[in-house]
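Chemist: Following this message is one structure expressed as structure tokens.
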Amino acid sequence: SNGARLRAGHCAVDPKRIPYGSHVVFPDATCIAVDSGPAVVNRKAARMTGRTISQRNAIVIDRFFESKEAALSWESRHPHFITVRVVPPGSRNESSETVARLNGVEELSAFEPAKAIPKQAAPASPLPKFDSAKVELHLPLDSFLRPAGRKT
Numbered sequence: 182s183n184g185a186r187l188r189a190g191h192c193a194v195d196p197k198r199i200p201y202g203s204h205v206v207f208p209d210a211t212c213i214a215v216d217s218g219p220a221v222v223n224r225k226a227a228r229m230t231g232r233t234i235s236q237r238n239a240i241v242i243d244r245f246f247e248s249k250e251a252a253l254s255w256e257s258r259h260p261h262f263i264t265v266r267v268v269p270p271g272s273r274n275e276s277s278e279t280v281a282r283l284n285g286v287e288e289l290s291a292f293e294p295a296k297a298i299p300k301q302a303a304p305a306s307p308l309p310k311f312d313s314a315k316v317e318l319h320l321p322l323d324s325f326l327r328p329a330g331r332k333t
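In terms of my numbering, the sequence shown opens at residue 182 and continues consecutively.
Pasting the structure below:
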């Protein structure tokens with residue numbers, strides 16, 4: 182822990198993988214990465230509960246809840262491994278409209294019915310067309326996809 186005062190909407194991350202200040206978008210809420218800890222960095226939860234190799238190699242995000250009951254309620258309604266979207270601080274995708282929309286996402290209560298999620302508008306300009314057979318990708322993806330070696 183870095184000593185930051187936590188509140189609803191905060192989460193702990195490995196700062197080497199997800200920078201502090203990033204918006205972590207869960208299916209039901211958006212959290213801001215503000216804290217870290219040894220269990221998050223060494224991915225203990227993923228290593229202990231993962232059934233597949235990809236689950237055991239997953240990044241761990243520790244979401245803060247105001248009470249143990251709220252955490253257990255959320256845990257019982259969601260799978261242990263989910264896909265989240267990370268919006269790094271200051272990224273091109275982080276326009277003021279996006280941040281306002283992300284910050285406006287309300288957390289669902291266990292006692293309230295789920296609200297309908299508004300439909301997203303189509304992008305203003307269409308994406309450029311390209312021939313995938315002629316495009317070459319020159320990114321070192323193997324270093325990102327390969328599990329990190331143990332550093333002692």
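Ideal placement from N, C-alpha and C gives every residue a C-beta, glycine not left out.
1) Could you tell me whether the segment 243-261 touches the segment 212-228, using the rule of 3 or more Cβ pairs below 8 Å?
2) Report the rounded CA-to-CA distance for residue 260 versus residue 271, giving the unit in angstroms.
3) Roughly how many whole angstroms lie between the Cα atoms of residue 230 and residue 209?
4) Using the Cβ count rule (16 or more neighbours within 10 Å means buried), how would you classify residue 263?
5) Leaving aside the five residues before and after residue 252 along the sequence, list all residues of the same chain whose C-beta is less than 6 Å from its C-beta, in chain order.
6) For residue 190 and residue 203, what's the separation of their Cα atoms in angstroms?
7) Quick one: grab the DSSP three-state call for residue 194.
8) Could you tell me which of 187, 195, 258 and 266 sits nearest to residue 222, measuring between CA atoms?
9) So, helix, strand or coil for residue 214, using DSSP?
10) Measure the C-alpha to C-alpha separation of residue 265 and residue 250 and round it to an integer number of angstroms.
Modeler: This is what the structure gives:
1) In short, these stretches touch, since the Cβ pair count reaches three.
2) Approximately 30 Å, taken between the alpha carbons.
3) Residue 230 and residue 209 have their C-alpha atoms some 23 Å from each other.
4) Residue 263 should be labelled exposed.
5) Same-chain partners within the cutoff: 246.
6) In this structure, the alpha-carbon of residue 190 lies about 12 Å from that of residue 203.
7) Residue state for residue 194 is assigned as coil, using DSSP reduced to three classes.
8) Comparing Cα positions, the closest option is 195.
9) Three-state DSSP puts residue 214 in a strand.
10) Distance from the CA atom of residue 265 to the CA atom of residue 250, rounded to whole angstroms, is 23 Å.
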